[in-house]
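In the numbering used here, the protein residues as written are 4 to 299.
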């Protein structure tokens, strides 16, 4: 099946398109990107001669139109001038169109090698990298996956990645709500303050330390109340990632044993996403109650 960046997750597709075009067209690339550029340009081997032929045809058409217009004017100088101008405009116009098409061609068609080399130097989450492997597996499976089935799997993968990101955002939001510190670091800080209190004899200093311990214990209590929620959302995010891995594994095995592997059911994937999302919302509601109590 043919897949273009337009079929992928929009956020990831835009980043990949920028990366692919940078590898193809940028004049200055670091040494570490040389092999990646070669891989991306391999698809376009011979493209320079193709562009030159198109430019020659465009220039010829432009020159012919210029000569005809000069003939209508009837001045010998006009024929030469307009012919040359038509040649220039025709060839340059054709090249500009080809360049614009070249910048957007991956939007309509991309291969697995291009995706992998483009993503190799990008900062991606585990879910995003797994999602890209699903797409690459679909591209490499070729005719072993029907167009309809491939589209269903791709749509389900887009849904999984979208929900994976939502879980990432929820997890980050809850972590900020608890504090920037982990449960372990707060426990360590509490133990340190208590040890310092035991070694302090000045009454005013002890009162300051007791106040600090009380504040630390309050933060520790809040972190303990929210830690199970963080763990549940993290586990639910892992379920989404494992579902993506299961899809990728099933599609990849088709290359070795076409017809012998059962493809994942797209409806079943959507039901799994729906279940995980419902569980996450329930956890978020419980967390909001804890945060509301904390604000009182």
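Virtual Cβ for every residue (Gly too), placed ideally from N, Cα, C.
Check: Length of the line joining the Cα atoms of residue 179 and residue 224; Outcome: 15 Å
Check: Pairwise C-alpha distance: residue 160 and residue 2; Outcome: Because residue 2 is not part of the residues shown, which for the chain are 4 to 299, the question remains open.
Check: Closest by C-alpha distance to residue 200, when choosing among 188, 217, 186, 187; Outcome: 217
Check: 8 Å CB neighbourhood of residue 244 in its chain, flanking five on each side removed; Outcome: 129, 130, 133, 167
Check: Residues near residue 153 in its chain [Cβ-Cβ closer than 6 Å; skip 5 each side]; Outcome: 4, 141
Check: C-alpha distance - residue 33 paired with residue 116, whole-angstrom precision; Outcome: 20 Å
Check: Rounded Cβ spacing between residue 237 and residue 174 (contact assumed at less than 8 Å); Outcome: 6 Å
Check: Where residue 31 falls, given that 16 or more other Cβ within 10 Å makes a residue buried; Outcome: exposed
Check: Cβ pair residue 276, residue 239 closer than 8 Å; Outcome: no
Check: Neighbour-count burial assignment, residue 14, 16 or more Cβ in a 10 Å radius; Outcome: exposed
Check: Three-way DSSP call (helix, strand, coil) for residue 188 in this model; Outcome: helix
Check: Cβ neighbour criterion (16 or more within 10 Å) applied to residue 150; Outcome: exposed
Check: In chain order, each beta strand (DSSP E) run of at least 3 residues that lies wholly inside the segment 224-264; Outcome: none
Check: CB-CB length for residue 163 against residue 246, believed under 8 Å; Outcome: 6 Å
Check: Inter-residue Cα distance where the pair is residue 123 and residue 213; Outcome: 52 Å
Check: Alpha carbon of residue 114 to alpha carbon of residue 6, nearest angstrom; Outcome: 8 Å
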